[in-house]
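Oh and the sequence shown: position 119 is 621 in my numbering, straight run, nothing missing.
Every residue gets a Cβ at the ideal spot worked out from N, C-alpha and C, and that includes glycine.
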Amino acid sequence: MSGADKFEMFKNRLTKVYRHLQKTAKRQNISCYRVYDHDLPEFPFIIEKYGDTLYVSEYKRNHSLNEDAHQFWMMQSIQVMSEVLDITPENVFTKLRQRKAGREGQYQKTGETKSEFIVEENGLKFIVNLADYLDTGLFLDHRTTRKMVLDQSAGKRVLNLFAYTGSFSVYAAAGGAAQVTTVDLSNTYTNWAKRNIELNGFTDQSRYLFIAADVIQYLQTLEPASFDIVVMDPPTFSNSKKMEGVLDIQRDHVSLVNNCLHALSPGGLLYFSNNYTKFQLDEEAIKATAIKDITKATTPFDFEGKLKRSCFLITK
């Protein structure tokens, strides 16, 4: 197949999926969604739409192109995206993404410029940054899970662990939570979470708490029945210099989950998610009254058939 034919194939595929997804997004009043996820092996991209901008991750692979040829291929690919999705090339942000299991590499900074803007999801505002970090600040695959947490949060004490930029915390606050505690190892992300919460008008410092801490250590300090809802979306693997030891989610999930359950009030809920594709929940070892796999129920329309994470609702 010639180069021109390949680009025509890419254009046709992108046109088809975008036409379908755009209708659903419009109907659900969603402005940030995934359009394309490695649909064609010749074009190994993830393409996400954030309002009138595009975030494009190219998976690193062994291709036979030299630097100039690769750059030309990339420019042509962006031209196709720009044309099909009606977004100017200046508003297309590109990243090269290593092939890794899970989200362990997501937090490194890739530049020093500030390229922030505000997007809306379900009427709530979030700061995203498409240029300076490997990820954008808003994981689109948990849009449905966030709404579930909002619906459950009225009057509840909510704990958000491995909170990243605090999007679950914003939803909990919007759902009328009595208190929301946001915990992440990174000061950068804890501050970002605080800005997201304040952006939505939640400014009471006694109700909205932000803690930069190692989650594993933090959980061990909690009294029984300290919270009514816990959200925990850990990385698959982490060996940050700031934390003691190494986190391996398959090996460590039982102790993490049981420590969350210890901190929950009777009948309290734990939303537990992770991105390890081969993850197996050890139900026997978990001290819960009920465990429900809600992976399918929390899969948004733009991730159907493409989701590589699992999600569980665990009741104390």
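Hey, how far is the Cα of residue i from the Cα of residue j?
i	j	result
T555	T723	43 Å
L542	F512	7 Å
F641	S533	13 Å
A674	L652	5 Å
S504	P591	24 Å
D795	R697	32 Å
R752	D784	The amino acid occupying residue 752 in the given sequence is Gln; Arg does not appear at that position. C-alpha separation (whole angstroms): 9 Å.
L749	N741	6 Å
D706	F545	47 Å
R515	L663	38 Å
S584	G657	45 Å
G613	R599	The pLDDT assigned to G613 is 46, lower than 50, so where the model puts this residue is not dependable; a value taken from the coordinates is nonetheless given after this. Approximately 15 Å, taken between the alpha carbons.
S566	T517	27 Å
K525	D507	28 Å
N624	S688	26 Å
I718	I589	43 Å
S559	Y773	28 Å
Considering residue i, what are the terminal residues of the beta strand (DSSP E) in which it resides?
i	result
S812	812 to 817
L652	L652 -> not in any beta strand (DSSP E); alpha helix (DSSP H) instead, spanning 645 to 654.
D539	534 to 539
Y557	555 to 561
N777	Counting along the chain, N777 falls outside any beta strand (DSSP E), and DSSP gives it neither H nor E.
T683	681 to 686
N662	659 to 663
Y552	547 to 552
L542	Looking at the DSSP string, L542 is not in any beta strand (DSSP E), and its letter there is neither H nor E.
F595	594 to 599
Looking at the structure shown, is residue i part of a helix, part of a strand, or coil, going by DSSP?
i	result
I796	coil
L516	helix
P768	strand
S669	helix
N564	coil
S822	The structure shown does not extend to residue 822, since the chain is modelled only from 503 through 818, so no value can be given for it.
D804	helix
E786	helix
N760	helix
F628	strand
L640	coil
L809	coil
R709	coil
Q530	coil
L749	strand
F781	coil
D730	strand
R605	Low local confidence applies: a pLDDT of 42 at R605 is under 50, so the model's placement there is unreliable, with the coordinate-based value given in what follows. Looking at R605 - three-state DSSP - the assignment turns out to be coil, as it is neither helix nor strand.
E510	helix
A633	coil
Can you give the beta carbon distance from residue i to residue j, rounded, assuming they're within the 8 Å contact cut?
i	j	result
A714	A665	Between A665 and A714 the Cβ distance is about 10 Å, and since that is not below 8 Å, they are no contact.
F805	D643	5 Å
L626	N702	6 Å
A790	L763	6 Å
K551	Y535	6 Å
Grab the span of the alpha helix (DSSP H) containing residue i for me, first residue to last.
i	result
I580	569 to 587
I738	Before going on, a small fix: residue 738 reads as Thr here, not Ile. First-last for T738: undefined, no H or E at that position.
N689	689 to 701
Y720	717 to 721
Short of 8 Å in beta carbon distance, which residues of its chain neighbour residue i, apart from the five on each side in sequence? Order them along the chain.
i	result
A765	L661, L721, L724, E725, P726, A727, S728, F729, V732
F509	Q578, S579, V582
L771	Q654, D730, I731, V732, L815, I816, T817, K818
H620	As written in the sequence, residue 620 is Ile, which differs from the His given in the question. Around I620: K627, F628, I629, V630, L701.
G807	none
S617	F595, N631, L632, A633, D634
G553	S533, C534, F619, V621
A680	G657, K658, R659, R709
For residue i, collect the residues of the same chain with a Cβ closer than 7 Å to its Cβ; drop the 5 residues on either side in sequence, then sort them by chain order.
i	result
Y520	V537, V586, L587
E622	S533
K611	Any reading at K611 is ruled out, since the residue's pLDDT is 44, under 50, leaving its predicted position unreliable.
Apart from the five residues just before and just after residue i, which ones in its own chain have a Cβ nearer than 6 Å to its Cβ?
i	result
T646	T800, P802
Y691	Y666, T667
I788	V759
V682	V660, S671, A674, A675, Y710
T684	N662, A665, G668, S671, A695, F712
T638	Y557, V630, L632
D821	Outside the displayed span of the chain (503 to 818) sits residue 821, for which this structure offers no information.
F704	A675, Y710
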